[in-house]
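Student: If you scroll down you'll find the structure; I have some questions about it.
Protein chains in written order, with our numbering: chain U, 1307 to 1807; chain C, -18 to 572; chain V, 0 to 348; chain W, 18 to 170.
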């Protein structure tokens, strides 16, 4: 959908810069295509910023009035002159200059990114470098500008908002801040742990090491989705108790002791929050299948079995009322208001119209901060033993681990994994289009069919994580970003060899 | 020095005028007469019927149907300072040889303002154009304010010569008032009306006048770029316009800072690819932009949002060629020509069953009778005048009762026809009006772009109904259907093509309803055209078995041995009527 | 704002409105076949023509902006006569096997013929017949029913960008199809299905609804797509408690636009693989259990570990596929029942 | 093929370059093959459907091979009134094909056009760039022979 809008904008005469190692549909529409090596995002962005600074194309007024940390940051960027950036990223210096000029001269410019930026050991830094670029050019806090992360799943935003994070209560209220802990202790009427919890990859490690004994999974499939799948399987097998709530018997559910059947979006009532922070209704279209019940009912029943007294006779609508009472940004949300159209948070009161864009007059933290960030090489680069760089992603017709999309007609559009490989690389390996290969990393191996295409540069291969027959995450590196623990799914080293099907 | 002006228009070229020209060139050089006679290969003289034609100055002796073998004799006479009688035009009624061009009836009533250079200058030579006051108007204009130029055009009363007759000055004014980074002047040379070729002749015969008109228009509205959209079927016009553009560039009449002013202008040629609808202005712009030539809804009008969404002004060739004339003679003098609401002259392409076919430029307000009988020399083969079809597939017909109607935009509309681009087809008693309407509809059906429902679907249905009628399968309700569907198509179509396509039907229905009824009720085609309603028979008593009919029959439907009366095999007969024409004894009859 | 008169009543409307929009906002319905908000206005079907005082020809209301003092008649005799002929022309070149058409009862052409009492067409003649293309996985293309409104062309070119269709040939031979009549598999079609959703007649029909039920038997439920984070709004088409298809809903920021996943990716809901009962693994084998049994089992196991090891022994993974309400309860469960902050979900993946 | 890509380079990025590009491409091969059109679509960054839409709209473009000599018979009003149909019938008979078709030996393609604009010479036809006017059915065989002969030389 975002792609549609970008393409529409280009057709309406807007300019597009695409930074992607792969040739994607949008590169066809791009005025400038920066084909940088995976894992060199910071260098590329710093290079753009360097040119913008050097040629005096930055928004002086915006930076002086609304930002801080400029001086320190500009020293860092000083070192990223285009020639050096060319060496790191493989993008021609002239092209970097051209892109910098195009970007900085736009009246309004948006930066749209997804997991290609975040799933690196330098993920946080990558995002910061994009933010630097946006505030340097004054492209924040006005319509049609800004930095847009794209959410991969329909309710990632909502799960975060609702506090399904180790360090936050609903509405990003810190668990280790006394004030908010006190508030929730009172609100929920029970004592609360005071330290932030473990992130997902940390949980897996803790399960592997035996610190975590029981894991409750509601609608996730880490066996296919998480990096270094072999490690994940071992960790899950090491648990005393694993309970999984899902609509299918997924690869993860197979390992559980108890599996609780859940319901699909068509059978439930509730809300999802999309990538633009819009809270929208989910409506029940069909009755429950078999002997299933909604996840919320299961949770309420279980809590009550364990001695609590959770009562929501009016169901999700009533739960939303509770959310609104404890989550300031959702304060004005109720089902009546959502009936005809969604609302974008922050929406603190019942007469607040919602907030289409953030940071209009001031940043939420006060001043916009420049963060000086340096290029950090990927944790695992190709070497003699594993000479090819593997990067991962998705295709249009499948979704995530495929448990939904592969059970629909979409499956026929793309029924199996096709590893992309450049014709030159394929020639080196004597691989033809359609050949099967074994792909091997330091952590595991998978088998896949090959698609020989110039959509990917030489020396690189591309796989998705949609197919359980080709569980790509057996190969990927669980090395993580130190700040937010996001794993480096976008870069690891592999080798391939041709095999018989 | 005397000039020998050989017509190099398309008509005369097909009559080998090139060879005539070359023969003249050789002969002049052989006899060393180059200093005495200047030979020019000019644009169309208009009198295509008599081609190839030659005009010799200063007395304007007019020679017709000249063949290469006539050249030595002609030169011999000219050298002597004499007139070569053999090739002079012969007035058919009096058999008199006519000495000078302006005494030739075809030219007598014409007022050649726009065509003044056609047939006189060498269209491939800018100096020739310059020496006949070329680009003088542009120089004049560059000293005026654009608003003044527009005012001049408004005062002249010039209206669009391509179709609807919208006031040109007003159109320019709209484009002038639109604000944009760039504007365009488009010259519509996509003359597609069957039976019209004035734009072709102008482009071939006086290309610089077209460019000059565009330049003036560009200056007036504030455009810097011009396009000429021209049919690919007009290769000679494309060639001459291209040469003219190159020459104008070389002389500083195109390019930056023209003639020392701050005005920049360039012109590009875009060739059409075979779609009549591209004569419609928005379709034409779509076509220049590389799209299917499907008209856009208006508004927004081109003057606001035209080519590449920029304000654009689009005029046809003849309209633009009028512009330098107006600026040269002054708008007030120009406005004295013509009628109250239709000023200036109009070029008509006179064709069909008329003695003198060709291009004639006449003042607005001239009567149809003068055009057909004085200029056109009357109906050919001594047949009886029936009607003229004016305005091509979007026009209508005029009958005997309109012969004294002064021709201008409004009187034509009132009579159910329209000026269109100026095609004027004369018809005699042997023309079937139903079949004529069917012919135009089949054209419109074929040329409909297919975008809007009424035109795409409706014209097909109209055609089918007419087809039924000419094949003898019509019913009386069909006439009502033609009328009501025709009116609805006119009312609801998207562009000018659909809005006018039913005109030939409605107008023939109006004036020749009886002819329709005869086809439907009596299964008779009074003009003897509709084949399904005809059969040919040899009258044995008259047949002399000469075999001419047998030889001429394209379908070998006629059999017969020597000295035996011939027979027509009805199953093979294509009802073409050739046999009947060929029979010297009137032995073949149609029934 | 300008003031205009429609059918004798005065209205004040914004100056950039078309006649169509001005009428619609004031509760006056003007029939349209080719108009679709957000797409280029082509003004091609001519159904929406209206009479404007002082103008000789009828004007397409979708393409004509309002002007001060304009007087419009939307249902005058002239207008109705033109609309009736347009409908007669359309059905003269349309496969009229409405009895079994999937769009019977949900067809603009049918609706307008009813509205203007067009029972039949006097224009019998050439009629275009094209073989039905059933080759792609998701929908059929039956061009004998196409009325050339061009909305599929526009939405594919202007919104999706694939530009799989265009008008081919011209005049009466005009046809909307893919290049060389290729099957959609051979084109750059991304199977977004938006063309199906905008088709006003039965020329493009989802395979999943074929013979599944008449339009009036199908319930449409507006909800949020279950796939990516854009959160497209869509309508589920439900018949006999089963989803049979998806169609556009314009209330969300997707403006009714969808991709292949939202449009055709719903069948998993009815997959045979769906879990229907709680399962408890005993001796390495899953056995069906009742909810009471399963929940008691889980509560017992959790309670045991809680008492033995405390909250730090627990971790919970929530889901980006679950609702806000469920996610809220999940973290509340982890924090208040199991006393741990070890709660996370797949935001990082 | 090489030449087509050169042509594409010439028009790439130009405003409205598709139609002149198609015209020049057709000049090279006499018609537009699927392969050529695919190359043009790719090179001009246009969808194939768009290119086909334009190609099939204009009567000048042809998707099938055509004869060495293109005969266009004028169906304009003037020609119509002066017996254009009998010329058409004679041509069809002489060539053994219908209008719109090409002879098996690829010598002639017979087409009809709306108007050549030489109405003064009606009925007329053009063969390649030459215009033949004031036609009668009898003149046809001789004219055709001239073009056949030219080919033989």
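For glycine and all other residues, C-beta sits at the position ideal for the given N, C-alpha and C. These figures come from a predicted structure and were not determined experimentally.
I'd like to know whether the C-beta of residue 170 of chain W is nearer than 8 Å to at least one C-beta of chain V.
Tutor: The count along the fourth chain starts at 1 and reaches residue 170 of chain W at position 153. Annotation note: pLDDT 42 at residue 170 of chain W (below 50); position unreliable, coordinate value reported separately. No, residue 170 of chain W does not count as interfacial toward chain V.
Student: For chain V, is any of its Cβ atoms less than 8 Å away from the one on residue 1310 of chain U?
Tutor: By one-based count along the first chain, residue 1310 of chain U stands at place 4. Yes, residue 1310 of chain U lies at the interface with chain V (some Cβ there is under 8 Å from its Cβ).
Student: For a contact defined as C-beta to C-beta under 7 Å, what are the partners of residue 67 of chain W on chain V?
Tutor: By one-based count along the fourth chain, residue 67 of chain W stands at place 50. The contacting residues are 162 and 165.
Student: Apart from the five residues on each side of it in sequence, which residues of its chain come closer than 6 Å, Cβ to Cβ, to residue 49 of chain C?
Tutor: Here residue 49 of chain C corresponds to residue number 68 of the second chain, with the count starting at 1. 0, 1 and 4, listed in sequence order.
Student: From residue 558 of chain C to residue 81 of chain C, what does the alpha carbon distance come to, in whole angstroms?
Tutor: Position 577 of the second chain, counted from the start, is the residue given in the question as residue 558 of chain C. Position 100 of the second chain, counted from the start, is the residue given in the question as residue 81 of chain C. Cα-Cα distance, rounded: 40 Å.
Student: Run through DSSP, which three-state label would residue 1797 of chain U get?
Tutor: Position 491 of the first chain, counting from 1, holds the residue named residue 1797 of chain U. Here residue 1797 of chain U sits in coil by DSSP.
Student: Report the residues of the segment 169 to 198 of chain V with a CB closer than 9 Å to any CB of chain C, ordered along the chain.
Tutor: Identification of residues in the segment 169 to 198 of chain V having a C-beta nearer than 9 Å to some C-beta of chain C yields 169, 170, 171, 172, 173 and 174, given in sequence order.
Student: Could you please give the first and the last residue of the uninterrupted alpha helix (DSSP H) stretch that includes residue 1424 of chain U?
Tutor: As a first step, residue 1424 of chain U is located in the first chain; it is residue number 118 there, counting from the start. Run containing residue 1424 of chain U: 1421 to 1424, per the alpha helix (DSSP H) assignment.
Student: For a cutoff of 8 Å on Cβ pairs, would you count residue 75 of chain W as touching chain C?
Tutor: For the purposes of this step, residue 75 of chain W is taken as residue 58 along the fourth chain, with counting starting at 1. So yes, residue 75 of chain W belongs to the interface.
Student: Relative to the alpha-carbon of residue 169 of chain C, which residue among C/247, C/331, C/302 and C/-6 has its alpha-carbon at the smallest distance?
Tutor: Walking along the second chain from the start, residue 169 of chain C turns up at place 188. The residue with the shortest Cα to Cα distance from residue 169 of chain C is C/302.
Student: In angstroms with no decimal places, state the Cα-to-Cα distance between residue 523 of chain C and residue 383 of chain C.
Tutor: As a working note, residue 523 of chain C is residue 542 in the second chain. As a working note, residue 383 of chain C is residue 402 in the second chain. For residue 523 of chain C and residue 383 of chain C, the distance between alpha carbons rounds to 41 Å.
Student: Hey, would you say residue 396 of chain C sits closer than 8 Å to residue 485 of chain C, going by beta carbons?
Tutor: To locate residue 396 of chain C, count along the second chain from 1; it is residue 415. To locate residue 485 of chain C, count along the second chain from 1; it is residue 504. Not in contact: residue 396 of chain C and residue 485 of chain C (Cβ atoms no closer than 8 Å).
Student: Between residue 542 of chain C and residue 550 of chain C, what straight-line distance do the alpha-carbon atoms span, to the nearest angstrom?
Tutor: As a first step, residue 542 of chain C must be located in the second chain, where it is residue number 561. As a first step, residue 550 of chain C must be located in the second chain, where it is residue number 569. Spanning the two alpha carbons is a distance of roughly 14 Å.
Student: Whose C-beta lies closer than 8 Å to the C-beta of residue 1604 of chain U among residues of the same chain, with five residues either side of it excluded?
Tutor: Reading the first chain from its first residue, position 298 is the one you call residue 1604 of chain U. For residue 1604 of chain U, where only same-chain residues beyond five positions count, the Cβ hits under 8 Å are 1551, 1566 and 1568.
Student: For residue 216 of chain C, decide whether its Cβ has a neighbour in chain W, counting only Cβ atoms nearer than 8 Å.
Tutor: If you number the second chain from 1, residue 216 of chain C lands on position 235. Judged by the 8 Å Cβ criterion, residue 216 of chain C is in contact with chain W.
Student: Beta-carbon of residue 318 of chain C versus every beta-carbon of chain W: anything under 8 Å?
Tutor: Within the second chain, the letter at position 337 stands for residue 318 of chain C. For residue 318 of chain C, the answer is no, since every Cβ of chain W falls outside 8 Å of its Cβ.
Student: By the 10 Å Cβ neighbour count, where 16 or more other Cβ atoms means buried, how is residue 1527 of chain U classified, buried or exposed?
Tutor: By 1-based counting over the first chain, the position of residue 1527 of chain U is 221. Residue 1527 of chain U comes out buried.
Student: Is there a Cβ from chain C that is less than 8 Å from the Cβ of residue 14 of chain V?
Tutor: Taking the first residue of the third chain as 1, we reach residue 14 of chain V at position 15. Answer no: the Cβ-Cβ gap between residue 14 of chain V and chain C never drops below 8 Å.
Student: For residue 35 of chain W, decide whether its Cβ has a neighbour in chain C, counting only Cβ atoms nearer than 8 Å.
Tutor: Counted from its first residue, the fourth chain places residue 35 of chain W at position 18. Chain C contact via Cβ: present.
Student: Contact between the segment 325 to 333 of chain V and the segment 1462 to 1473 of chain U is defined here as three or more beta-carbon pairs at a separation below 8 Å; is this criterion met?
Tutor: yes
Student: May I ask you to list the residues that DSSP assigns as paired with residue 1552 of chain U?
Tutor: Residue mapping note: residue 1552 of chain U aligns to position 246 of the first chain, counting from 1. BP columns for residue 1552 of chain U point to U/1567.
Student: Thinking C-alpha only, which one of C/501, C/280, C/421 and C/298 is nearest residue 188 of chain C?
Tutor: Position 207 of the second chain, counted from the start, is the residue given in the question as residue 188 of chain C. Answer by Cα proximity: C/298.
Student: Which residues mark the beginning and the end of the beta strand (DSSP E) in which residue 332 of chain C is found?
Tutor: On the second chain, residue 332 of chain C is found 351 positions in, with the first residue counted as 1. Start and end: 326 to 333.
Student: In chain C, what lies closer than 7 Å to residue 139 of chain W by C-beta?
Tutor: Counting from one through the fourth chain, the residue named residue 139 of chain W turns up at place 122. The answer, in chain order, is 332.
Student: To the nearest angstrom, how far is the alpha carbon of residue 1762 of chain U from that of residue 1697 of chain U?
Tutor: For this step, residue 1762 of chain U is matched to residue 456 along the first chain. For this step, residue 1697 of chain U is matched to residue 391 along the first chain. Each residue's alpha carbon lies about 10 Å from the other.
Student: Assign residue 166 of chain V to buried or exposed, taking buried as 16 or more other Cβ atoms, counted over all protein chains shown, within 10 Å of its Cβ.
Tutor: One-based indexing of the third chain puts residue 166 of chain V at position 167. Classification of residue 166 of chain V: buried, given that the 10 Å Cβ count is 16 or more.
Student: Return the Cβ separation of residue 341 of chain C and residue 176 of chain C in integer angstroms, given the expectation that the two are a contact with Cβ distance under 8 Å.
Tutor: Within the second chain, numbered from 1, the residue matching residue 341 of chain C stands at position 360. Within the second chain, numbered from 1, the residue matching residue 176 of chain C stands at position 195. With 8 Å as the limit, residue 341 of chain C and residue 176 of chain C do not qualify as a contact, their Cβ atoms being about 14 Å apart.
Student: By Cβ distance below 6 Å, which residues in the same chain neighbour residue 156 of chain V in space, the five residues on each side in sequence not counted?
Tutor: By 1-based counting over the third chain, the position of residue 156 of chain V is 157. The residues are 162.
Student: Whole angstroms are fine: how far does the CA of residue 107 of chain W sit from the CA of residue 556 of chain C?
Tutor: As a working mapping, residue 556 of chain C is identified with position 575 in the second chain. As a working mapping, residue 107 of chain W is identified with position 90 in the fourth chain. Residue 556 of chain C and residue 107 of chain W: Cα-Cα distance of roughly 13 Å.
Student: Given this structure, state the Cα-to-Cα distance separating residue 81 of chain W from residue 182 of chain V, to the nearest angstrom.
Tutor: Residue mapping note: residue 81 of chain W aligns to position 64 of the fourth chain, counting from 1. Residue mapping note: residue 182 of chain V aligns to position 183 of the third chain, counting from 1. Using only the alpha carbons, I get a separation of about 21 Å.
Student: Using CA coordinates, which residue listed in U/1586, U/1789, U/1573 and U/1495 is at the minimum distance from residue 273 of chain V?
Tutor: The residue labelled residue 273 of chain V in the question sits at position 274 within the third chain. If we check each option's Cα against that of residue 273 of chain V, U/1573 comes out closest.
Student: Checking 8 Å against the spacing of the C-beta atoms, do residue 271 of chain C and residue 33 of chain W come in under that value?
Tutor: The sequence position of residue 271 of chain C within the second chain is 290, counting from 1. The sequence position of residue 33 of chain W within the fourth chain is 16, counting from 1. Yes; because the gap between Cβ atoms is below 8 Å, this pair is in contact.
Student: What are the start and end residues of the beta strand (DSSP E) that includes residue 144 of chain W?
Tutor: If you number the fourth chain from 1, residue 144 of chain W lands on position 127. Residues 142 to 144.
Student: Alpha carbon to alpha carbon, what distance is there between residue 47 of chain C and residue 17 of chain C?
Tutor: For the purposes of this step, residue 17 of chain C is taken as the residue at position 36 of the second chain. For the purposes of this step, residue 47 of chain C is taken as the residue at position 66 of the second chain. Rounded to the nearest angstrom, the two C-alpha atoms are 21 Å apart.
Student: Please list the partners that residue 229 of chain V has in chain U, where partner means a Cβ-to-Cβ separation under 7 Å.
Tutor: Translated into the one-based positions of the third chain, residue 229 of chain V becomes position 230. Within chain U, the residues near residue 229 of chain V are 1307, 1308, 1580 and 1581.
Student: Please determine if the segment 1617 to 1635 of chain U and the segment 307 to 314 of chain V are in contact, where contact requires at least 3 C-beta pairs separated by less than 8 Å.
Tutor: Counting C-beta pairs with one atom in each stretch, the segment 1617 to 1635 of chain U and the segment 307 to 314 of chain V have fewer than three that are closer than 8 Å, which means they do not touch.
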